[in-house]
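Taking it in order: structure first as structure tokens, then the write-up.
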Amino acid sequence: EDQVTQSPEALRLQEGESSSLNCSYTVSGLRGLFWYRQDPGKGPEFLFTLYSAGEEKEKERLKATLTKKESFLHITAPKPEDSATYLCAVIIQGAQKLVFGQGTRLTINP
Amino acid sequence: EAGVAQSPRYKIIEKRQSVAFWCNPISGHATLYWYQQILGQGPKLLIQFQNNGVVDDSQLPKDRFSAERLKGVDSTLKIQPAKLEDSAVYLCASSPELWRAFFGQGTRLTVV
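Residue numbers (my numbering), protein chains in the order written: chain A, 1 to 110; chain B, 1001 to 1112.
Set out below in structure tokens:
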């Protein structure tokens, strides 16, 4: 069965303390992996798409990387405004739908 | 560019009642999705439209949920009758090409 698992479920950091969020997937064939950010009371907001192992994308303090089994979202010197839930989703071969992980709730303390 | 519009933002109903949600996607987006997000979980796809046609509704509880997309634009999602476990946020999303989805703010449904 195709699965997407994110870890940790929750992460609390001090402002400026860099860390990484993990998204591991067990799918029959990956067509693409997406990262979204979700603020409380709002819909997910698109961040990145990764298509092949070794690919990297960057946006401000965030960098997403992809291997054959997992993706990491690295956050460098985070600020309180980076606090949100980060969702990972995959598209698998033969399907046309996004399958989401359960998310990582990130809190950055000032 | 206007985003995906959803209404209402919040709805409280009693179990066994019916409820409907409305979604207006971004202009020109052919693909429209309805997701259910239970508190603390990731979104789960309920139904996906490509223009007027249904692409995937494998996880839609068809005995109580229904959805339609009129003229390939607006869409409505209906629940009848509602159960307590239907309490969730219902997210509508649209995309200009498959998969890169833009989400609305969602409708928070509470069934009591």
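Where is the CB? At the ideal position from N, CA and C, for every residue including glycine.
Below-9 Å beta-carbon distance, residue i vs any chain A residue
{"i": "Leu1091 (chain B)", "result": "yes"}
{"i": "Pro1061 (chain B)", "result": "no"}
{"i": "Ala1020 (chain B)", "result": "no"}
{"i": "Gln1048 (chain B)", "result": "yes"}
{"i": "Val1004 (chain B)", "result": "yes"}
Nearest residue (CA-CA) to residue i, options the options
{"i": "Gly94 (chain A)", "options": "B:Trp1022, B:Tyr1033 and B:Val1055", "result": "B:Val1055"}
{"i": "Val1112 (chain B)", "options": "B:Glu1014, B:Gln1059, B:Gln1036 and B:Gly1106", "result": "B:Glu1014"}
{"i": "Ala84 (chain A)", "options": "A:Val99, A:Arg105 and A:Ser71", "result": "A:Arg105"}
{"i": "Asn22 (chain A)", "options": "A:Asn109, A:Cys88 and A:Ile92", "result": "A:Cys88"}
{"i": "Thr107 (chain A)", "options": "A:Pro78, A:Val90 and A:Lys97", "result": "A:Pro78"}
{"i": "Gln1037 (chain B)", "options": "A:Trp35, A:Asp82, A:Arg37 and A:Gly43", "result": "A:Gly43"}
{"i": "Tyr1010 (chain B)", "options": "B:Ala1002, B:Phe1021 and B:Gln1017", "result": "B:Phe1021"}
{"i": "Gly1089 (chain B)", "options": "A:Lys57, A:Pro80 and A:Pro40", "result": "As written in the sequence, residue 1089 (chain B) is Val, which differs from the Gly given in the question. Comparing Cα positions, the closest option is A:Pro40."}
{"i": "Ser71 (chain A)", "options": "A:Phe100, A:Ser24, A:Glu1 and A:Leu13", "result": "A:Ser24"}
{"i": "Val1073 (chain B)", "options": "B:Arg1016, B:Ala1005, B:Asp1086 and B:Pro1025", "result": "B:Pro1025"}
{"i": "Glu81 (chain A)", "options": "A:Gly16, A:Phe34, A:Pro8 and A:Gly101", "result": "A:Gly16"}
Backbone secondary structure at residue i - three-state DSSP
{"i": "Asp1056 (chain B)", "result": "strand"}
{"i": "Leu21 (chain A)", "result": "strand"}
{"i": "Leu1070 (chain B)", "result": "helix"}
{"i": "Leu1084 (chain B)", "result": "helix"}
{"i": "Glu9 (chain A)", "result": "coil"}
{"i": "Glu58 (chain A)", "result": "strand"}
{"i": "Glu1014 (chain B)", "result": "coil"}
{"i": "Glu81 (chain A)", "result": "helix"}
{"i": "Lys97 (chain A)", "result": "coil"}
{"i": "His74 (chain A)", "result": "strand"}
{"i": "Tyr1090 (chain B)", "result": "strand"}
Any chain B beta carbon closer than 9 Å to residue i
{"i": "Thr49 (chain A)", "result": "yes"}
{"i": "Gly43 (chain A)", "result": "yes"}
{"i": "Val4 (chain A)", "result": "yes"}
{"i": "Tyr25 (chain A)", "result": "no"}
{"i": "Phe72 (chain A)", "result": "no"}
{"i": "Gln102 (chain A)", "result": "yes"}
{"i": "Gln96 (chain A)", "result": "yes"}
{"i": "Leu30 (chain A)", "result": "no"}
{"i": "Ala89 (chain A)", "result": "yes"}
Cβ neighbours of residue i in the same chain (closer than 6 Å, five flanking residues each side left out)
{"i": "Ile1047 (chain B)", "result": "Trp1034, Asp1057, Leu1060 and Ala1067"}
{"i": "Thr26 (chain A)", "result": "Gln3"}
{"i": "Gly32 (chain A)", "result": "Thr49, Tyr51 and Ile91"}
{"i": "Thr76 (chain A)", "result": "Ser18 and Arg61"}
{"i": "Lys1078 (chain B)", "result": "Ala1020 and Ser1066"}
{"i": "Pro1096 (chain B)", "result": "His1029"}
8 Å CB neighbourhood of residue i in its chain, flanking five on each side removed
{"i": "Leu11 (chain A)", "result": "Ser19, Leu21, Thr104, Arg105, Leu106 and Thr107"}
{"i": "Arg37 (chain A)", "result": "Pro44, Glu45, Leu47, Ala84, Thr85, Tyr86 and Leu87"}
Same chain, Cβ closer than 7 Å to residue i, neighbours up to 5 away in sequence not counted
{"i": "Lys68 (chain A)", "result": "Ala53"}
{"i": "Leu1091 (chain B)", "result": "Tyr1035, Gln1037, Pro1043, Phe1103, Gly1104 and Gly1106"}
{"i": "Pro1008 (chain B)", "result": "Thr1107"}
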